[in-house]
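Residue 86 is where the sequence shown starts when you use the working numbering, and the numbers rise one by one after that.
The structure under discussion appears below in the form of structure tokens.
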Amino acid sequence: MQKKNIWNTAVIVLIMLYLLVPLIVSVIYSLFEKWTDVLPEHFSLGSYMSIFADPAFRSSIVRTIVMCIIPIIITTIIVLLALFVTTAFFPRLEKYVQIICMIPYTIQGVILSVSILQRYVGSKSFLSNRLVMLTGAYCIIILPYIFQGIRNGMRAVNMSMLLEAAEMLGASKLYAFFRVVVPNIISAVVVSSLLAVGIIFGDYVLVRNLAGTSFQNMQIYLYQTMKSDSVKASAVFVVIMLVTCIIAGVVLTLQNRGKKPDKS
Numbered sequence: 086m087q088k089k090n091i092w093n094t095a096v097i098v099l100i101m102l103y104l105l106v107p108l109i110v111s112v113i114y115s116l117f118e119k120w121t122d123v124l125p126e127h128f129s130l131g132s133y134m135s136i137f138a139d140p141a142f143r144s145s146i147v148r149t150i151v152m153c154i155i156p157i158i159i160t161t162i163i164v165l166l167a168l169f170v171t172t173a174f175f176p177r178l179e180k181y182v183q184i185i186c187m188i189p190y191t192i193q194g195v196i197l198s199v200s201i202l203q204r205y206v207g208s209k210s211f212l213s214n215r216l217v218m219l220t221g222a223y224c225i226i227i228l229p230y231i232f233q234g235i236r237n238g239m240r241a242v243n244m245s246m247l248l249e250a251a252e253m254l255g256a257s258k259l260y261a262f263f264r265v266v267v268p269n270i271i272s273a274v275v276v277s278s279l280l281a282v283g284i285i286f287g288d289y290v291l292v293r294n295l296a297g298t299s300f301q302n303m304q305i306y307l308y309q310t311m312k313s314d315s316v317k318a319s320a321v322f323v324v325i326m327l328v329t330c331i332i333a334g335v336v337l338t339l340q341n342r343g344k345k346p347d348k349s
């Protein structure tokens with residue numbers, strides 16, 4: 086049994102190392118001025134100092150984080166309310182809601198952005214605003230991941246039974262949903278939100294087509310940097326990965342702190 090555990094651990098470690106190879110190579114490449122031989126040459130932090138001294142890069146980080154938070158909040162609220170209504174009042178409609186929420190899986194970013202531009206560019210309403218269009222596009226792209234994560238969480242806690250139990254104690258369905266069900270599925274909400282963060286952080290097509298290069302998020306900044314300096318581009322990529330990991334770590338830490346200790 087012990088040998089089997091050692092073997093399983095070794096396999097997992099090898100897989101993790103294999104998956105981390107691109108990141109490790111990027112980190113090494115960003116820390117040296119030249120890598121044309123077997124080993125890199127001239128260790129330097131100049132690329133990192135250069136990008137952090139650039140106001141455009143700092144602004145791109147803020148823009149990317151903001152464009153992550155707003156669509157995730159909007160989509161999460163919509164999905165929670167939709168699943169509440171279907172589960173509590175119209176359970177037969179849940180499969181149709183699921184089908185609608187899964188449709189964005191089949192929509193490519195180019196097709197979505199072109200369709201949005203054709204429909205809303207000429208509109209005189211606030212929907213013609215490029216950032217509004219981008220926010221809406223992100224809400225569509227992350228919808229399947231948010232929906233599936235929250236739906237799985239509701240199934241795990243047996244939402245119907247919790248609502249019925251709360252109603253027997255005199256609570257309304259809506260009150261029971263937000264005070265009983267939602268706190269019990271917060272882990273599912275967090276996991277699906279983190280997945281959505283990764284999707285938005287990695288997007289280039291939507292922001293390029295809908296907002297243009299004037300709205301520099303981290304991917305636009307990375308693309309423009311790649312044209313001039315590959316070492317600096319590697320540093321930008323490493324920072325993107327670090328920011329993503331920091332966001333995930335902060336969210337998971339807050340989630341764990343919010344859990345009440347088990348007295349048993």
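Note that the Cβ used here is the ideal one computed from N, Cα and C, for glycine as well.
Taking a cut-off of 8 angstroms for Cβ pairs, the region 227–247 and the region 260–280 touch, as three or more such pairs fall below it. Secondary structure remark: continuous alpha helix (DSSP H) runs of at least 4 residues inside the region 166–202, in chain order: 179–187. DSSP places F300 in the coil class of the three-state scheme, outside both helix and strand. Checking the DSSP bridge columns, you'll see E126 partnered with K119. Excluding five sequence positions before and after S132, the CB atoms of its chain that fall closer than 6 angstroms to its own CB belong to S115, V316, K317, A320, given in chain order.
Assigned with DSSP and collapsed to three states, L337 falls in helix.
Taking 4 residues as the shortest admissible run, the region 217–258 contains the following complete alpha helix (DSSP H) segments, listed from N- to C-terminal end: 244–253. The Cβ atoms of S213 and Y223 lie no closer than 8 angstroms to each other. Boundaries of the alpha helix (DSSP H) harbouring A281: 271–286, taken from the DSSP string. Using a 10 angstroms sphere on the CB of L178, the tally of other CB atoms stays under 16, which defines it as exposed.
I109 counts as exposed, since fewer than 16 other beta carbons sit within 10 angstroms of its beta carbon. Separation of the CB atoms of V164 and I235 is rounded to 5 angstroms, and the pair is thereby assigned contact status at 8 angstroms. Straight through space, the alpha carbons of T171 and W120 are spaced by roughly 58 angstroms. Taking C-beta atoms as the reference points, I157 and I201 fail to come closer than 8 angstroms. The beta-carbon separation of L279 and A241, rounded to 18 angstroms, does not stay under the 8 angstroms limit for a contact.
The C-alpha of N302 is placed about 6 angstroms away from the C-alpha of R148.
Cβ-Cβ distances below 7 angstroms link V182 to A167, T171 in the same chain, with the five nearest sequence neighbours on each side left out; the list follows chain order. By the Cβ neighbour-count rule, C153 is buried, with 16 or more other Cβ atoms within 10 Å of its own. Taking every protein chain shown into account, the CB of S145 has 16 or more other CB atoms within 10 angstroms, so this residue is buried. Here the C-alpha atom of I97 lies approximately 32 angstroms from the C-alpha atom of F128.
With respect to the 8 angstroms criterion, Y260 and Y289 are not classified as neighbours on the basis of their beta carbons. CA-to-CA, the gap between E252 and F262 works out to about 10 angstroms. Scanning the region 131–157 from its first residue to its last, the whole alpha helix (DSSP H) runs of 4-plus residues come out as 131–137.
Buried is the label assigned to G238, since at least 16 other Cβ atoms lie within 10 Å of its Cβ. In the structure shown, V266 falls within a helical segment according to DSSP collapsed to helix, strand and coil.
Here T94 is exposed: its Cβ has fewer than 16 other Cβ atoms, across all protein chains shown, within 10 Å. In the three-state scheme derived from DSSP, where H, G and I count as helix and E and B as strand, V206 is classed as coil. In this structure, the CA atom of W92 is about 15 angstroms from the CA atom of L102.
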